[in-house]
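>
Protein chains: 2
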Amino acid sequence: MIDRVSVFNQYLRTQKLKSTRQRMIILETFLDSKSHYSTEELYQVLRKEHPHIGYATVHRTLKLFAECGIAIELNFGDGQSRFEPHYTEHHHDHLVCTRCGKIIEFVEPRIEQLQREVAERYDFTVDSHRHELYGRCIRCSQDS
Amino acid sequence: MIDRVSVFNQYLRTQKLKSTRQRMIILETFLDSKSHYSTEELYQVLRKEHPHIGYATVHRTLKLFAECGIAIELNFGDGQSRFEPHYTEHHHDHLVCTRCGKIIEFVEPRIEQLQREVAERYDFTVDSHRHELYGRCIRCSQDS
DNA sequence: ATAGTTTTGAAACTCAATTTCAGGCTGTGG
DNA sequence: CCACAGCCTGAAATTGAGTTTCAAAACTAT
Numbered sequence: 243m244i245d246r247v248s249v250f251n252q253y254l255r256t257q258k259l260k261s262t263r264q265r266m267i268i269l270e271t272f273l274d275s276k277s278h279y280s281t282e283e284l285y286q287v288l289r290k291e292h293p294h295i296g297y298a299t300v301h302r303t304l305k306l307f308a309e310c311g312i313a314i315e316l317n318f319g320d321g322q323s324r325f326e327p328h329y330t331e332h333h334h335d336h337l338v339c340t341r342c343g344k345i346i347e348f349v350e351p352r353i354e355q356l357q358r359e360v361a362e363r364y365d366f367t368v369d370s371h372r373h374e375l376y377g378r379c380i381r382c383s384q385d386s
Numbered sequence: 243m244i245d246r247v248s249v250f251n252q253y254l255r256t257q258k259l260k261s262t263r264q265r266m267i268i269l270e271t272f273l274d275s276k277s278h279y280s281t282e283e284l285y286q287v288l289r290k291e292h293p294h295i296g297y298a299t300v301h302r303t304l305k306l307f308a309e310c311g312i313a314i315e316l317n318f319g320d321g322q323s324r325f326e327p328h329y330t331e332h333h334h335d336h337l338v339c340t341r342c343g344k345i346i347e348f349v350e351p352r353i354e355q356l357q358r359e360v361a362e363r364y365d366f367t368v369d370s371h372r373h374e375l376y377g378r379c380i381r382c383s384q385d386s
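Chains as they are written, first to last, in this note's numbering: chain A, 243 to 386; chain B, 243 to 386.
See below:
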């Protein structure tokens with residue numbers, strides 16, 4: 243289990259960036275939740291307890307998280323970027339319900355293996371990937 | 243081999259939309275290329291031969307293509323939507339070179355099968371998916 | 001050809017993301 | 001412990017892709 247707070251603080255130090263109250267509050271709130279927050283959503287959550295923190299700061303801090311590797315920036319095609327804490331333990335991909343917005347994480351090592359095969363087939367060096375299945379979650383496929 | 247021009251014309255008729263000169267020119271130019279055009283890029287190509295066609299028209303027409311199923315809207319995370327002619331013959335996904343922007347299409351039925359397994363595991367009904375591998379194409383991994 | 005719609009294209013608008021900048025904070029050196 | 005140089009903050013302005021507006025033009029059916 244890596245300590246994401248330490249990783250972030252070390253990143254700040256090596257980049258000669260400053261450890262500020264805002265950055266620490268944002269990090270704490272971000273890590274406290276397993277949600278896939280958009281900047282706007284995290285901003286709204288923070289506002290309740292910390293109305294003084296601005297949207298731009300939340301946005302810049304999320305970008306920092308992504309830079310230092312403690313968060314992953316995701317995009318599910320709803321026009322907003324979302325961020326999730328990065329778990330080095332295991333990579334996962336997503337099922338996205340297009341009706342209620344629910345996001346389910348899944349792991350399938352056999353798909354990962356096939357990705358490596360495909361890349362090799364084209365002499366392609368993969369840095370990252372994105373794999374999302376869109377549709378209806380069980381609840382939403384029962385309704386309507 | 244489906245005739246995408248006919249599909250589009252039929253769609254226009256059933257939706258009581260009009261067959262206009264602009265729509266035909268845009269369709270022709272779009273199908274002539276296997277590129278993964280963004281609205282802006284297609285607009286620039288069209289401008290050379292047809293300077294009178296406006297950006298909004300190109301955009302609206304690409305949306306129509308997607309609606310009637312002759313095009314697929316893609317998003318590779320560069321902040322622009324891209325469109326490609328839809329080949330019902332076979333589904334494919336993409337390798338995206340993050341250096342030169344090259345896009346390689348790939349087919350891997352075993353991945354598709356595993357996706358179905360994953361969806362079933364979560365009682366999820368899949369409508370569509372998106373699967374992209376990002377990295378360096380062979381040329382770009384040799385340079386630099 | 002005419003009437004009744006739809007379409008076009010330039011411009012305005014929207015919305016998330018990003019940048020600006022004056023004032024506030026941090027951490028380092030003294 | 002203090003001061004200062006430079007980074008940070010947050011409100012506001014800007015950007016850029018996408019979308020909408022609206023009057024004039026084009027299309028289809030009559």
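Note that beta-carbon positions come from the ideal geometry of N, C-alpha and C, so glycine has one too.
Where does residue 268 of chain A fall in DSSP's three states?
Helix, per DSSP.
> Please check if any C-beta of chain A sits within less than 9 Å of the C-beta of residue 280 of chain B.
No - not a single Cβ of chain A is within 9 Å of the one on residue 280 of chain B.
> Do residue 367 of chain B and residue 248 of chain A come within 9 Å of each other at the CB atom, strictly closer than that value?
Cβ atoms of residue 248 of chain A and residue 367 of chain B: not closer than 9 Å.
> Given a cut-off of 9 Å, decide if residue 336 of chain A and residue 316 of chain A are closer than it, judged by their beta-carbon atoms.
Their beta carbons are under 9 Å apart, which means residue 316 of chain A touches residue 336 of chain A by this criterion.
> According to the Cβ coordinates, are residue 339 of chain B and residue 379 of chain B closer than 9 Å?
Contact: yes.
> In chain order, what are the residue ranges of uninterrupted alpha helix (DSSP H) at least 4 long that sit wholly in the segment 275 to 303 of chain B?
The segment 275 to 303 of chain B contains these whole alpha helix (DSSP H) runs: 281 to 291.
> Please confirm whether residue 376 of chain B and residue 369 of chain A have their CB atoms less than 9 Å apart.
A contact, by the Cβ cut-off of 9 Å.
> Shorter than 9 Å from the beta carbon of residue 380 of chain B to some beta carbon of chain A?
Cβ-Cβ to chain A under 9 Å: yes for residue 380 of chain B.
> In chain B, which residues lie with their C-beta within 8 Å of the C-beta of residue 369 of chain A?
Those are 340, 376, 377 and 378, listed as they occur along chain B.
> Would you identify the three-state DSSP class for residue 256 of chain B, choosing helix, strand or coil?
Three-state DSSP puts residue 256 of chain B in a helix.
> Where does residue 281 of chain A land, buried or exposed, given buried means 16+ other C-beta within 10 angstroms?
It counts as buried.
> What residues in its chain sit with their C-beta under 6 Å from that of residue 374 of chain B, if we drop five residues either side in the sequence?
Excluding positions up to five away in sequence, the list reads 336 and 338.
> Using a Cβ-Cβ cut-off of less than 8 Å, list which residues of the segment 342 to 356 of chain B approach chain A; keep chain order.
Within the segment 342 to 356 of chain B, the residues whose Cβ lies closer than 8 Å to some Cβ of chain A are 346, 348, 350, 352, 353 and 356, listed in chain order.
> Cβ atoms of residue 314 of chain A and residue 223 of chain B: under 9 Å apart, would you say?
This structure gives no information on residue 223 of chain B, because the portion of chain B shown stretches from 243 to 386.
> Among B/275, B/349, B/283 and B/300, whose alpha-carbon lies nearest the alpha-carbon of residue 372 of chain B?
Closest option to residue 372 of chain B, Cα to Cα, is B/349.
> Output yes if chain B places a C-beta closer than 9 Å to the C-beta of residue 269 of chain A; else output no.
Output row for residue 269 of chain A: interface = no.
> State the DSSP-derived secondary structure class of residue 248 of chain A, mapped to helix, strand or coil.
It is helical.
> Taking only three categories from DSSP, how would you classify residue 350 of chain A?
Residue state, collapsed to three classes: coil.
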